[in-house]
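So the number in the working numbering is just where the residue sits in the sequence shown, counting from 1, plus 13. Beta carbons: idealized from backbone N, C-alpha and C, even for Gly. In this text, all values refer to a predicted model and were calculated from it rather than measured experimentally. In what follows, a single structure is set out as structure tokens and then discussed.
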Amino acid sequence: MPRIAVAGAGPAGIMAALAAHEKGAHAVIYDAAVPLATILRTGGGRCNLTNAGAEDANLALHYPRGGRFLLSAFSRFGPTETMEWFRFRGLPLVEEEEGKVFPRSGKAQDVRNMLQEQARTACVKMSAHQPITSIAPTPKGFQVTTERGEALFDRVIIATGGDWRNPRGSGYDLAMSLGHTVTPLAPALTGFASAESWPARLAGVSIPQARLQAHPTGMRALRETGGLVFTHRGISGPVVFRISSRCAFLPFSSRAPLHLWLSVLEERDKQAIEGRLIAALRERPRQQILSVLCGLMPRRLAQTTLDLAGVATATSASGITRVQRKALVDLMDRLPLTIVDRDKGDEMVTAGGVDLAEVDPRSMESRIVPGVFFCGELLDVDGFTGGFNLQAAWSTGRIAGLAAAD
Ligand SMILES: Cc1cc2nc3c(=O)[nH]c(=O)nc-3n(C[C@H](O)[C@H](O)[C@H](O)COP(=O)(O)OP(=O)(O)OC[C@H]3O[C@@H](n4cnc5c(N)ncnc54)[C@H](O)[C@@H]3O)c2cc1C
């Protein structure tokens, strides 16, 4: 029976330990803080634990980095198997819009309780506040050191998560001490701060299907669609997170900003937008232009659009000149935003991590030090919002645990 040390009791580490136990191994988990605490903050406290909407073949597209690497793990333990795994162990699930899957209770705490119960039943020991500080390969196995002492294990699974703020953080240090490369790290899935002050006046206004475009220097043009919310500093929401992930390694600032263009209407091109505006103006010629625009977008955004176009709100629909109409159409098609910073403090995942070329995707085993396995966000893998990051943790964790127990 192999003895396995797991560094990190997050979703990836616990899944790995439970999988290893299932195959008859003896797993011990050490956590630097509180086991499974990271689950509680996920999905706004509801834990969006996977996504049932993506076709298997398309699943990789939801990962700006590492999608192809994950394919092997997904083919063995993808969203379908993950949902079965949780349901079979007594956690009812519910699928919501865009395939997002949550516990039916709506409580991340229930996911944590269930995983803790699984660990208890399997006699997987979880030690809190015991960071692993070093892993040394020896002829007899791996000598694992924590602040409380040393122990010898046959295999080690490193599942210490991501931390872009600390490239010398414990998990990255452990990987590097074993000869692994850690690629540059950056925050992903962030909101944006804009140079313009008008988004602050719209704080709280949300657009269910906004379209964002960007042409970052040195990158291909980006186009994303999804929910957007205006904030006191700029913009946030799923569509913003997607752009932020794609631009995770792009440095931008007030000197070298990222230019975005926002469209809030369903119409995909300028001609269609103009057609819709003309129809709305003709339908209610005596109404104020503000009321007409309110039929197309939220009131505060309509007001802002008129301000930016320099059109008085009291102008009647029939009094709108051709030049004013063109200015409004231009803004409705491409409302410019100058992004000068990422929103600090709401970063959800780390882009970058342990170099995937040094890890076998079929087993998550190190190609440098056999007997060492990696899983979860510590790897150079990150996904969009919608349950994809936890899915990567469950999939890589399960594969690492099964392989380590072999
Ligand atoms: C606010 C927020 C909301 C999120 N919501 C969602 C969501 O709804 N759906 C989704 O798919 N993803 C979500 N994510 C992302 C998701 O939480 C992570 O991708 C996922 O937790 C990664 O799992 P992990 O096990 O790899 O790492 P982590 O969850 O970070 O766990 C790593 C563990 O390792 C421990 N550790 C670190 N160093 C050591 C060491 N040296 N020794 C021992 N232990 C160590 C840490 O204490 C921690 O407990 C969210 C993230 C945030 C921040």
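Cβ-based burial, residue i [other Cβ within 10 Å; buried from 16]
i    : result
E163 : exposed
M14  : exposed
T203 : buried
Q222 : exposed
S258 : buried
E279 : exposed
S267 : exposed
D123 : buried
H34  : buried
M377 : buried
G58  : exposed
T398 : buried
P298 : exposed
E97  : exposed
Residues near residue i by beta carbon distance below 7 Å, same chain, minus five either side
i    : result
K283 : V342, D346
A40  : I17, V19, A30, A33, H34, V137
A22  : I42, D44, P48, L49, M139
L271 : A227, P229, C260, L263, F265, I352
D186 : none
L52  : One detail in the question is off: residue 52 reads as Ile in this sequence, not Leu. So the list reads P24, C60, A121, V124, R125, once near-sequence residues are dropped.
Boundaries (first-last residue) of the beta strand (DSSP E) holding residue i
i    : result
W274 : 271–276
R161 : Segment: none, R161 is in no beta strand (DSSP E) and carries neither H nor E.
S408 : Not the beta strand (DSSP E): S408 falls in the alpha helix (DSSP H), residues 401–417.
L294 : Premise fails: L294 lies in the alpha helix (DSSP H), 283–296, not in any beta strand (DSSP E).
G239 : 235–243
V169 : 168–171
F115 : 113–116
T363 : 362–364
F205 : 205–207
Own chain, CB closer than 6 Å to residue i, minus 5 neighbours either side, in chain order
i    : result
D354 : A206
G384 : R168
Y76  : G396
A327 : Q301
T318 : L344
L72  : F87
Residue i: CB within 8 Å of a non-hydrogen atom of ligand 1
i    : result
M14  : no
V195 : no
L403 : yes
G240 : no
E47  : Going by the sequence as given, residue 47 is Val instead of Glu. Within the cutoff, so yes.
L391 : yes
N61  : yes
V253 : no
Q143 : yes
S258 : no
S183 : yes
A172 : yes
L187 : yes
C388 : yes
Y43  : yes
G21  : yes
P440 : Absent from the structure is residue 440, since the part of the chain shown begins at 14 and ends at 419.
V362 : yes
R313 : no
A149 : no
R54  : yes
Sequence-distant residues of its chain with Cβ nearer than 8 Å to residue i (five each side left out)
i    : result
L74  : A67, G80
S85  : P374, R375, I412
A216 : F243, T244, H245
G182 : T173, D176
I333 : L294, I302, V324, L341
H142 : D44, A45, A46, V47
Residue i Cβ short of 8 Å to ligand 2 heavy atom set
i    : result
G175 : Ligands in the displayed structure: ligand 1; ligand 2 is not one of them.
Where the alpha helix (DSSP H) containing residue i begins and where it ends
i    : result
P251 : 251–259
E94  : 92–101
L319 : 312–322
N185 : Asn is not the amino acid found at residue 185; the sequence shown has Tyr there. 183–190 is the extent of the alpha helix (DSSP H) around Y185.
I381 : Taken as a continuous stretch (DSSP letters only), I381 belongs to no alpha helix (DSSP H), as it is neither H nor E.
I27  : 24–35
I333 : Here I333 belongs to no alpha helix (DSSP H), and DSSP marks it neither H nor E.
V19  : Per DSSP, V19 belongs to no alpha helix (DSSP H); it is in the beta strand (DSSP E), 16–20.
P144 : Counting along the chain, P144 falls outside any alpha helix (DSSP H), and DSSP gives it neither H nor E.
D354 : Counting along the chain, D354 falls outside any alpha helix (DSSP H), though it belongs to the beta strand (DSSP E) covering 348–355.
R125 : 121–134
L501 : Coverage of the chain is limited to positions 14 through 419, which leaves residue 501 absent and any answer about it impossible.
Minimum Cβ-Cβ distance from residue i to chain B less than 9 Å
i    : result
A132 : In the structure shown, chain B does not exist; there is a single protein chain.
### Query
Are the stretch 384–404 and the stretch 224–231 touching by the rule of at least three beta carbon pairs closer than 8 Å?
no
### Task
Inspect the CB distances between the stretch 100–117 and the stretch 292–304 and report whether three or more fall short of 8 Å.
no
### Query
Counting pairs of beta carbons, one from the stretch 121–135 and one from the stretch 23–34, are three or more of them closer than 8 Å?
yes
### Task
Inspect the CB distances between the stretch 88–105 and the stretch 400–419 and report whether three or more fall short of 8 Å.
yes
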